[in-house]
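Protein chains in written order, with the numbering used here: chain S, 1 to 112; chain H, 113 to 226. In this text, a Cβ means the ideal position worked out from N, Cα and C, and glycines have one as well. Since the model is a prediction, treat every value here as computed from it, not as a measurement.
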């Protein structure tokens with residue numbers, strides 16, 4: 001079983017839709033959970049991160065972590081064409097310089 | 113604005129050539145990383161460095177080497193390029209600390225080996 005699994009997609013939604021992106025993981029030592037967004041021909045950039053379980057909201061984006069199920073989600077409300085990108089989940093433990101483990105990424109397309 | 117700069121965005125090389133990919137960061141980060149990104153395979157860690165003159169192998173170091181002579185610069189070297197090294201190469205850096213290891217990525221270097 002891979003440490004981090006992410007739906008491969010691609011995903012296409014109409015503008016205004018609510019998008020749910022998900023990852024599952026197997027390593028119970030993971031405590032930091034991140035979402036990176038990568039536009040075409042660019043490097044990934046950090047969207048948001050959470051520590052341990054719970055929700056975190058930033059504008060139209062909500063990150064959710066369920067450690068009991070080893071499942072994390074990123075919700076995008078009122079999706080916009082500018083949200084079209086590849087989204088990668090990433091996670092790590094708490095030790096100094098703890099290595100990040102990435103999901104393979106899912107490409108989202110928001111149709112006008 | 114913090115930055116990780118990869119000097120070459122697009123390169124085309126021939127099989128057997130030596131290839132240098134340069135990465136410079138201006139954030140005084142201790143940690144630097146080289147990944148490659150391929151469709152269906154995601155990001156794979158090649159090498160990383162937690163300090164000057166220090167390097168550690170990642171998950172796929174074969175066919176690559178690195179150099180970190182200065183804190184801000186981390187170079188990836190392909191001693192003898194092969195077609196299976198055609199890929200997008202991403203450099204990243206982060207602060208050395210406990211807690212979230214937040215990576216800042218460069219824009220990437222797309223290498224084609226013919």
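Just to check, is the beta-carbon of residue i closer than 7 Å to a non-hydrogen atom of the ligand MG?
i, result
"residue 223 (chain H)", "The ligand content of the structure shown is nil, which means the ligand MG is not present either."
Taking residue i as part of the beta strand (DSSP E), name the residues at either end of that continuous run.
i, result
"residue 161 (chain H)", "154-161"
"residue 56 (chain S)", "54-58"
"residue 122 (chain H)", "122-125"
"residue 182 (chain H)", "177-182"
"residue 110 (chain S)", "106-111"
"residue 116 (chain H)", "116-118"
"residue 53 (chain H)", "What is shown of chain H runs 113 to 226, which leaves residue 53 (chain H) out entirely."
For residue i, which of the options has the nearest alpha-carbon?
i, options, result
"residue 94 (chain S)", "S:18, S:33 and S:22", "S:33"
"residue 98 (chain S)", "H:152, H:145 and H:182", "H:145"
"residue 183 (chain H)", "H:194, H:177 and H:167", "H:167"
"residue 78 (chain S)", "S:62, S:72, S:70 and S:48", "S:62"
"residue 46 (chain S)", "S:58, S:68 and S:53", "S:58"
Classify residue i as buried or exposed, calling it buried when 16 or more other Cβ atoms lie within 10 Å of its own Cβ.
i, result
"residue 10 (chain S)", "exposed"
"residue 113 (chain S)", "What the structure shows of chain S is the stretch from 1 to 112, and residue 113 (chain S) is not part of that stretch, so it cannot be assessed."
"residue 83 (chain S)", "buried"
"residue 124 (chain H)", "exposed"
"residue 53 (chain S)", "exposed"
Can you give me the C-alpha to C-alpha distance between residue i and residue j, rounded to a whole angstrom?
i, j, result
"residue 200 (chain H)", "residue 222 (chain H)", "4 Å"
"residue 2 (chain S)", "residue 101 (chain S)", "10 Å"
"residue 152 (chain H)", "residue 42 (chain S)", "17 Å"
"residue 150 (chain H)", "residue 55 (chain S)", "31 Å"
"residue 196 (chain H)", "residue 225 (chain H)", "8 Å"
"residue 89 (chain S)", "residue 18 (chain S)", "18 Å"
Hey, is the stretch 122-140 of chain H in contact with the stretch 190-203 of chain H, meaning 3+ C-beta pairs nearer than 8 Å? Enough Cβ pairs lie closer than 8 Å, so yes.
| task | Examine the Cβ distances between the stretch 169-186 of chain H and the stretch 104-111 of chain S and report whether three or more of them are shorter than 8 Å. | result | no
If you pair each beta-carbon of the stretch 211-222 of chain H with each one of the stretch 157-164 of chain H, do three or more pairs fall below 8 Å?
no
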